[in-house]
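**Q** My numbering numbers the first residue of the sequence shown as 38 and each following residue consecutively.
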Amino acid sequence: MAERFEKLFNSINPLCVGYIEATHLLPYMPFMRSKAGSIFKAHKKSSEEGFQVMYDALIQSDTENKWDIYNEALKEAEFNSICKLYAFMQEQTNDFNSYCNIFEIFSTEITEGQLNIIRFANHLKTMETILESQLEDIKLTEEKEGPNSAAILLFAYFPSTLSYLMKDLDKYLNIPGKDDLWKKIQNAVPVCEDEVNCVSNNRAEMIMQLRQVILETVHPRDIWPVLSLDLNLPSNNIEFNRSDIEKVMDMYEHSSYQGKSQTLYQALFDAGYEQLCLKIDGRKCHDVINNGYKQLIDAHYKMLTEKIKTLEILDKLLAAKVINKRDKDDVVAKRESKGDITAAQFLLEIIPSKKDMWHKDFFEILCKNKQRDLVKELEPDYNCNSDTEADIDSDTNLDTNHEDNPSQIQKQVGTNAKEIVLREYQKELISKALLGKNCIITAPTGSGKTFMAVKIIEDHFQKNEGKVCKVIFLCNQTNLAEQQKNVLIGAFPDLIINVIYGSPESQSKKMESFTLSNIVVMTPQCLVDNLKHGRIESLSIITLLIIDECHHTYSKHPYNILMSRYLDEKFEKANCQLPQVIGLTAVAGIDVTKTGKNAKEHILEICANLDCDELCITRDNIKELCDHVPVPVEDVKSLPMERESALSKVIKSFMSDVHSSLNNRELSANSLQFGTTQYIGWLSDAKKKVNSSPFELKHEFASIQYLEKCNIVLRILNGYRAKDALEILYDYIENETLETDAFQNLKILLKRKLEEFEGHSTQEELEAESSCLLELVDLIQKKFHDKPDSRVIVFAETKILTRILAKVLKDKSETADFNPQYLMAGLNKDSVPGMSLNKQKDTLGMFRNGVCKLLVSTPVAEEGLDIQKCNLVVDYLTVQGVRSHVQKRGRARASDGEFIQIIGSDPLLDKRATVNRIKVNQMQIIVNEVYEDQLNDPDAFKKTLKEIQMKNKQERDAVQVQKMKLVKASGTYELKCTSCNCTAAESSDFRNFEEKCYVIVNLDFRKKISISRSRPSILFDDVKRIGSIFCDNCGLYWGNQLVYKHTIFDCISIKQFKIVPEGKDPILAKKWLKVPFRDAVQPLTEEDFKRVREDSSNKFEDDLLPPLEKFPTPESNSNID
């Protein structure tokens, strides 16, 4: 795959050289940062030279998935033409190389001025090779981005069937003056006719091949009037019957009219038969998807014909071209003559026949017509785009009064709401919550906590009828927020329900709908941020707060930050009106090692943090709970220790060499065995010592980093192939961003040893499978043999291991049929690339629907994922804490569910697994004990919680006082470039705004940087990113240029600098949270704005970038690289 896309990008390279700015891509390609200096130096000479240097470095890089990362960088930098071409070529299989050859020829012709792109596109439109709308896109792109970008976009619009493209190119190019170009293309694509057996390039032949499809699909009344003249069809007093289409096709076949194929095609196109026209043109039509949704309609036919509001959606279906005008007239006639059900039946028959991917428009129209419940019946995971649409004219600050507010329209739970029927154990669990008390509901995974929350919400609205209610449902993960939103929309179709999460930009847009929403699903950090910045005035605006997975409410988790604010308002404001708080959890009180408290103290702290009145558990209906909530069968698979591999010996040899080079006696290992638990402890102690002085102990600092990485690989070698371990090590090497001599020397040494190993290893040795891997495959095979429609989740420890394990299972014939996919958390541009939220949602959708039946995941899927068919969960060579144990086990929702932990021969994993099972049993005992204390003496229980709350508040206040003292005592700090050690700024140069952005207001800083402009992109609210800044001395990436209130500021990336206190050793900080002078940084003032805007080049008006020439232009530097 990598070679294919290298060929693609090579083929369009002449166009990219004049189109892409290399410096726009660097912030999104961390593996290229070591080359940033040479790229920036070349870019100073010309953007074309800068791009070529970057592209050459990209070709030479060994980074896995580099082309995917390159494509993601192009997306982030908004080079959309190339992204569309990349997507187009992903669908090509047999003809990939031929298309690349064609692109290469045209790219050369265009850049040499031999071919005018707009004239070429116009000719292709005339021949109907591309559509009118595509031609308009190309013209617009040419105006805005130039001919190179327009040319790449044209390539993306080429027909997906090569033979059809060649036929049209033949017509356009096989003429005097262009025949040389045509010969080049013919030589580059020597064979194309034989590649398409069932599809002809000629529309006449294609129509005949599709005759039966036309007979089954097309109604004669749609095309008869257009064809009557050309095919000599009778034109008066025709009563069209379905069978008359056969007469049309007979007349078509026997007609001698030369333009009959074009006339028939145009008639079908005008009548809205998009699917059919795509097939006639040899283009891609989503037959499998279209037919799948047609079958879905057929399966729910009776329900739809009875409930669908036919007349209300006809105009919208017509506007979306799902039906045509004659279809609409027929539906209306059917209703008038035979009633609603007959009209609905007729509509459902014709809807799937015309537009490609028709179901999207159909479902969205139903949602907008307030028939979401029908869509959810058809496809439970479907997200209506209209769910978040609202017309907002109100101010973003929210009214804190719960009484009737004329600026708000309160909707009540209407008659369309589905009746919520709970089981007895569920009623028992929510009984106290229905009395308005703050509660923690503790119940096993799969017991229906979400539906209990829905019942509490319903009761809340009913009891507060006539008042303004605002319900906030907090979810710890974004994918869970979407899941909960879908449940709530199904339960309350008459209420306005929105979901808010994600980047600050997307949050600020969605916050506009907050005021009119009845229920808002949010992530906790989102709520904390909006309260902090005043977009939500206070917690008193909320009437009911539901916290999912509330066991996280301790320490510095956003849940606890939020509840600390809640408790501060409760204690500091008299008669403060605060929301009812409901916590939901399956694992209360088990993360005790993190808090240093015993289990009972931890549960009491969680209760205190949530201001809990009642801890709710099942006591009276335990039998019913056990009957309806299956407990998965648990097992631990330990396997005999395997013979040490050759690669393991190579890695240990490297680690021994590294230890021999350590001069610091305090860091001697004293014959510890590599890969053991004891060695992990030694590494932990050694890291603390070297991290305190990373610049004085440069060699030791680099050595510990590499020893740690090698030790991780040693510990996982028994579960993966040698080639997989090599891939992990090479990934570490290539993504190492610190370029000191110590790191470079170790990188060279390790790389040499690995290359020597590869040179002496056979393919069989590299691909030899461990007993753990064979055990995993055997488990999966048995599960699918017993139940073919199973769902299996395999948890791996890290992103790298997750991706590699999914690849291994895809490569194996025993598991390939289950379409293994991987799932991991969001994109992380500084380390291992993750998955975007949309990709996560797509993958989970495939898993739910059975397109993928085998999911390999990081711990991101352990909480809240509800797949009823999931009947096997495997922990593969990873055993985390007890909370993780309970949550992973809970993903096996099916009645025959199993939770298996494959631990190999690792005694540490065996010990952890045993401790987890013991703690799970202890947890339930302690929860019951706390419940009994509450039941027997409720006053003493409340008093205990109050004491914990007051103690925690005193600690928070003391921390705040200490911070203020540190701010006053804070001295001067210098920031020095980690690459060249030049001084960049001092701590007094910084200001912050919204406590998110730390910017430099000293104008002398501009003399030390080089600037690369990019297209403005919104970060959040009115803050835009307009470019990147680099060290003028060495070219290291330093951060971004931002626009805030029409003023340009320099915002640095703190991890690119050494922080040097006066008279002390330098320190490193990866985040501003760890910066020692962070609390001393003052907010931006009007004086700061005036000082920065004294330089007119810092003014940013009307979204127009100031010319870069106004900035100090850095001179070339021979030391750059």
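For every residue, glycine included, the Cβ atom is placed at its ideal position computed from N, Cα and C.
Alpha carbon to alpha carbon, how far is Met678 from Leu811? Give it in angstroms, no decimals.
**A** Their backbone Cα atoms lie some 14 Å apart in a straight line.
**Q** Pick from Phe195, Glu180, Gln151: whose alpha carbon is nearest that of Gln171?
**A** The shortest Cα separation from Gln171 among Phe195, Glu180, Gln151 belongs to Phe195.
**Q** Give every residue of the same chain whose Cβ lies closer than 8 Å to the Cβ of Lys365, excluding the five residues on either side of it in the sequence, and list them in chain order.
**A** Within the same chain, Lys365 has close Cβ partners Leu351, Asp352, Leu354, Leu355.
**Q** If you measure between the beta carbons of Glu465 and Asn658, is that distance less than 7 Å?
**A** It is a contact, given that the beta carbons lie within the stated cut-off.
**Q** For Ser894, list the residues DSSP reports as bridge partners.
**A** Answer is Phe832, Leu860, bridged to Ser894.
**Q** Considering only their Cβ atoms, is the gap separating Val916 from Ala929 smaller than 7 Å?
**A** For Ala929 and Val916, no; Cβs fall outside 7 Å.
**Q** I need the boundaries of the beta strand (DSSP E) containing Met559, first residue and last residue.
**A** Note, Met559: beta strand (DSSP E), 556-559.
**Q** Could you check the C-alpha separation between Leu199 and Gly1064 for me, to the nearest Å?
**A** Each residue's alpha carbon lies about 40 Å from the other.
**Q** Taking all protein chains shown into account, do 16 or more other C-beta atoms lie within 10 angstroms of the C-beta of Thr1122, making it buried, or fewer, making it exposed?
**A** Exposed, by the Cβ-count rule.
**Q** Following the continuous alpha helix (DSSP H) through Asp1122, name the residue where it begins and the one where it ends.
**A** For the record, residue 1122 in the displayed sequence is Thr; it is not Asp. Element bounds for Thr1122: n/a, residue is neither H nor E.
**Q** Could you name each continuous alpha helix (DSSP H) segment of 4 residues or more that falls completely within the segment 865-953, going from the start of the chain to the end?
**A** Listed in chain order, the complete alpha helix (DSSP H) runs (minimum 4 residues) inside the segment 865-953 are 874-886, 919-926.
**Q** Considering only the beta carbon of each residue, do Leu525 and Leu415 sit closer than 7 Å?
**A** No, they are not a contact pair.
**Q** Near Asp826, which residues of its chain fall below 7 Å by C-beta distance, leaving aside the five closest residues on each side in sequence?
**A** Once the five neighbours on either side are set aside, the close Cβ partners of Asp826 are Gly887, Lys906.
**Q** To the nearest angstrom, how far is it from the Cα of Leu341 to the Cα of Thr347?
**A** Going from the Cα of Leu341 to the Cα of Thr347 covers about 10 Å.
**Q** Of all the options Glu58, Ile175, Ser83, which has the alpha carbon lying nearest to the alpha carbon of His118?
**A** First, the amino acid is wrong: residue 118 is Ser here, not His. Ranking Glu58, Ile175, Ser83 by Cα distance to Ser118 puts Ile175 first.
**Q** Using 10 angstroms around the beta-carbon of Leu846, count the other beta-carbons present and answer buried if the total reaches 16, otherwise exposed.
**A** Classification for Leu846: buried.
**Q** Using the rule of at least 16 other Cβ atoms within 10 Å of the residue's Cβ for burial, across every protein chain shown, is Cys314 buried or exposed?
**A** Buried, since its Cβ has 16 or more Cβ neighbours within 10 Å.
**Q** Quick one: what's got a C-beta closer than 7 Å to Tyr603's C-beta in the same chain, skipping five residues either side?
**A** Around Tyr603: Leu576, Leu615, Asp648.
**Q** Counting only the same chain and skipping the five closest in sequence on each side, list residues whose C-beta sits under 7 Å from that of His922.
**A** Asn953, Val957, listed in sequence order.
**Q** Roughly how many angstroms separate the alpha carbons of Val670 and Gly927, rounded to a whole number?
**A** So the two alpha carbons sit approximately 11 Å from each other.
**Q** Could you name each continuous alpha helix (DSSP H) segment of 4 residues or more that falls completely within the segment 361-392, going from the start of the chain to the end?
**A** 362-375, 377-387, all fully within the segment 361-392.
**Q** Are Thr1015 and Glu1099 closer than 7 Å when you measure CB to CB?
**A** It is not a contact, given that the beta carbons lie outside the stated cut-off.
**Q** On the premise that Ala480 lies in contact with Ala623, defined as a C-beta separation below 8 Å, what is that separation, rounded to the nearest angstrom?
**A** Sure, about 6 Å apart at Cβ, within 8 Å.
**Q** Would a C-beta distance cut-off of 7 Å place Ala759 and Leu813 closer than the cut-off?
**A** Not a contact, by the Cβ cut-off of 7 Å.
**Q** Where does Lys448 sit, in a helix, a strand or coil, going by DSSP?
**A** The pLDDT assigned to Lys448 is 43, lower than 50, so where the model puts this residue is not dependable; a value taken from the coordinates is nonetheless given after this. Residue state, collapsed to three classes: coil.
**Q** Note the first and the last residue of the continuous beta strand (DSSP E) segment covering Leu581.
**A** 581-585 is the span of the beta strand (DSSP E), which, as asked, contains Leu581.
**Q** Give me the Cα-Cα distance between Asn1159 and Asp672, rounded to the nearest whole angstrom.
**A** Beyond the ends of the chain as shown, which are 38 and 1158, falls residue 1159; an answer cannot be given.
**Q** Assuming Ile457 and Ala357 make a contact with CB atoms under 8 Å, what is their CB distance in whole Å?
**A** The pair is not a contact, with the Cβ atoms about 34 Å apart (cut-off 8 Å).
**Q** Give me the Cα-Cα distance between Arg1128 and His1083, rounded to the nearest whole angstrom.
**A** Those two C-alpha atoms are separated by around 14 Å.
**Q** Express the C-alpha separation of Lys820 and Val558 in angstroms, rounding to a whole number.
**A** For Val558 and Lys820, the distance between alpha carbons rounds to 36 Å.
**Q** Should Pro257 be counted as a contact of the ligand PLP given a C-beta to heavy atom distance under 6 Å?
**A** Ligands displayed in this structure: none; no statement on the ligand PLP is therefore possible.
**Q** Going straight from the alpha carbon of Asn254 to that of His80, what length do you get?
**A** The sequence shown places Thr at residue 254, rather than the Asn named in the question. If you take the alpha carbons of Thr254 and His80, they lie about 58 Å apart.
**Q** Using the beta-carbon count (16 or more within 10 Å), is Gln999 buried or exposed?
**A** Burial call: exposed.
**Q** Excluding the 5 residues flanking Lys607 on each side, which residues of the same chain have their C-beta closer than 8 Å to its C-beta?
**A** For Lys607, where only same-chain residues beyond five positions count, the Cβ hits under 8 Å are Cys613, Leu615, Asp648.
**Q** In this structure, what does DSSP give as the bridge partners for Pro1098?
**A** Tyr1010, per the DSSP bridge assignment.
**Q** Between which residues of its own chain and Val536 is the CB-CB distance below 6 Å, once the five residues before and five after are set aside?
**A** Contacts found: Ala518, Lys522, Val558.
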